[in-house]
Amino acid sequence: MSSSDDYVTQLALRAGRGDRGALTEFIEHTQDDVWRFLAHLAGREYADDLTQETYLRVLGSLPRFAGRSSARTWLLTLARRVWIDSVRHDMARPRKSAAEYDDVAAGSPSPDNPNTWSEVIDARTLLDALPAERREALVLTQVLGYTYEEAARISGVRVGTIRSRVARARRDLIEGS
1 MSSSDDYVTQ LALRAGRGDR GALTEFIEHT QDDVWRFLAH LAGREYADDL TQETYLRVLG
61 SLPRFAGRSS ARTWLLTLAR RVWIDSVRHD MARPRKSAAE YDDVAAGSPS PDNPNTWSEV
121 IDARTLLDAL PAERREALVL TQVLGYTYEE AARISGVRVG TIRSRVARAR RDLIEGS
């Protein structure tokens, strides 16, 4: 753990004991990482809501946080669960019809229409095409800079699984570009 992680962990422990100032500082030190992680997993358009939901869960969970892992690892594990729950919720909802997707695809490029192909086709498209578990492993290790060990703890899998997912994600990105 880095000294920054140690500090954030201490903030979380103090916040769990009711220190409001520590809670505010904990959120300030971690919200950018949580937002970026969720933006990569779910998309920028959902990151704000998912980040808010993550911190709502944090408020209820902080008193039980014991510091067995870094607070950042614990927090991103909660964020991951929030994302998974949102995916499950979305899967239970009715899908758009093919005609609705065709309407988006037919849109002409304009600054007013964020759903046009000219703005959609970029590196994000390649990332989005990855299976969720590969995208998660790649984002944690290559974008957010977590070690393979930390990424494994966040994802709840073994280190070898993270290594394999990152390698496969890289291969998929190369083949897809």
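Per full-length UniProt numbering: the sequence shown = residues 1 to 177.
For every residue, glycine included, the Cβ atom is placed at its ideal position computed from N, Cα and C.
For D49, the enclosing alpha helix (DSSP H) has its first and last residue at 44 to 61. Take V82, set aside five residues on each side of it, and the residues of its chain with a beta-carbon closer than 8 Å to its own are L38, L50, E53, T54, R57, in chain order. V166 sits close to T141, with the two beta carbons spaced by under 8 Å. Closest by C-alpha distance to S61, out of T77, Y46, A47, is T77. DSSP places T147 outside both helix and strand once states are collapsed to three, so it counts as coil. The Cβ atoms of T161 and A152 lie closer than 8 Å to each other.
Per the C-alpha coordinates, the member of L13, S69, T24, E25 positioned closest to E149 is S69. With respect to the 8 Å criterion, L13 and F65 are classified as neighbours on the basis of their beta carbons.
In this structure L144 does not touch R135 by the C-beta definition: roughly 12 Å separates them, more than the 8 Å allowed. Annotation: A66 is outside any alpha helix (DSSP H) and is labelled neither H nor E by DSSP. Here the alpha carbon of D172 sits roughly 11 Å from the alpha carbon of L138. For L138, the secondary structure class from DSSP, reduced to helix, strand or coil, is helix.
A residue is called buried when at least 16 other Cβ atoms come within 10 angstroms of its Cβ; R72 meets this threshold and is buried. If you ignore the 5 residues before and after L75, its C-beta comes within less than 7 Å of the C-beta of T30, V34, V58, all in its own chain and listed in chain order. One alpha carbon belongs to E175, the other to L130, and they sit about 11 Å apart. Taking C-beta atoms under 8 Å as the contact rule, R80 and S155 qualify, at a distance of about 7 Å. If you draw a straight line from the Cα of S3 to the Cα of L41, it comes to about 27 Å. Within the same chain, L11, A12, A15 come within 6 Å of F26 by CB-CB distance, once the 5 residues on both sides are set aside.
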